[in-house]
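K.L.:
Counted the way our numbering counts, the sequence shown spans residues 1149 to 1351. Beta carbons: idealized from backbone N, C-alpha and C, even for Gly. It should be emphasised that the depicted structure is a prediction, and the values quoted were computed from it without experimental measurement. Have a look at the structure that comes next, please.
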Amino acid sequence: MFITFEGIDGSGKSTQARLLSDHLIEAGHAVVLTREPGGSPGAEQIRRLVLEGDPDRWSAETEILLFTAARRDHLERTILPALGSGKVVISDRFADSTRMYQGLSRGDLRATVDRLHDMMIGCEPDLTFIIDMDPAEGLSRARARNGSEERFEDFGEDLQCRMRAGFLALAKEFSHRCHVIDGARCARAVAADVAAIADAEFA
Ligand code: ADP
Ligand code: TYD
């Protein structure tokens, strides 16, 4: 079972991915918890290239190549081996993030993202949680972390608003695997919804 968490910055994906991992381990599953960009040594190196520096450091087209290169390495070295040995893989972001961030942020490049995805990745999660929340609240949560990986947060609230709408549209497009979860509640309440949906998938 390949499970992903998606949504705007600061919506609570990492928190929920960790809580679901704890829940599934407690239920007896072997779980690999991973993230994008990153999740393998090579992809973590690419992560630094794409998340640090000026917002205009890379064009959207160059980013599509960099994120897809990182994803290919993550897939080859972490995700596929774990799935092959019967583990549950939970990834904090995956290809839907490229569809949204690179596909929508600077013009409509969704078709380019999808073509490269088909050529180089060619797989989708079994289950995707889209953690939905107000972009202003998400941004203030994300900025409170005070990190250095702020290239996309620095694109500002307008982009986060378009991303939110984009993720909700994506949930309709891939309705067989996507579940929209209201992230504007305490972490435990959000986690209970996520766990109930995941448990139903395993039943
Ligand atoms: P994301 O991975 O989507 O950016 P995080 O899980 O890192 O989000 O959460 C962003 C910040 O908000 C963190 O400081 C985290 O502790 C906090 N946070 C996460 N979930 C909640 C919640 N349900 N309510 C309030 N704060 C939260
Ligand atoms: P992440 O560490 O999940 O940030 P956050 O915790 O703030 O949500 O992801 C870092 C940033 O990378 C985030 O702003 C979204 C961006 N991103 C893309 O633009 N394209 C991608 O394909 C991925 C995986 C992430």
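State yes or no: is the C-beta of R1195 nearer than 8 Å to some heavy atom of the ligand ADP?
P.N.:
Outside the cutoff, so no.
K.L.:
Work out the CA separation of S1188 and R1225 for me, nearest whole Å.
P.N.:
Distance between the alpha carbons of R1225 and S1188 is about 7 Å.
K.L.:
Counting Cβ pairs, one atom from each stretch, are 3 or more of them under 8 Å apart for the region 1279-1293 and the region 1157-1164?
P.N.:
The region 1279-1293 vs the region 1157-1164: in contact.
K.L.:
When DSSP labels each residue in this structure, what does C1309 get in the three-state scheme?
P.N.:
Helix at C1309.
K.L.:
Can you tell me whether I1238 is helix, strand or coil according to DSSP?
P.N.:
I1238 falls in the strand class under three-state DSSP.
K.L.:
Under the three-state reduction of DSSP, which class applies to R1205: helix, strand or coil?
P.N.:
Three-state DSSP puts R1205 in coil, outside helix and strand.
K.L.:
Pull up the distance between the alpha-carbon of R1325 and that of F1153, whole angstroms please.
P.N.:
Their Cα atoms are separated by approximately 11 Å.
K.L.:
With respect to 8 Å, is the separation between the Cβ of V1139 and the closest non-hydrogen atom of the ligand ADP below this value?
P.N.:
With the chain covering 1149 to 1351 only, the question about residue 1139 has no answer from this structure.
K.L.:
Counting only the same chain and skipping the five closest in sequence on each side, list residues whose C-beta sits under 7 Å from that of F1215.
P.N.:
Correct list, in chain order: P1185, V1198, T1246, Q1250.
K.L.:
Could you tell me the distance, in whole angstroms, from the CA atom of G1190 to the CA atom of I1278?
P.N.:
Going from the Cα of G1190 to the Cα of I1278 covers about 27 Å.
K.L.:
So, are the CB atoms of D1240 and A1165 less than 9 Å apart?
P.N.:
Contact flag set, yes.
K.L.:
Cβ of I1156 within 8 Å of any heavy atom in the ligand TYD?
P.N.:
Yes.
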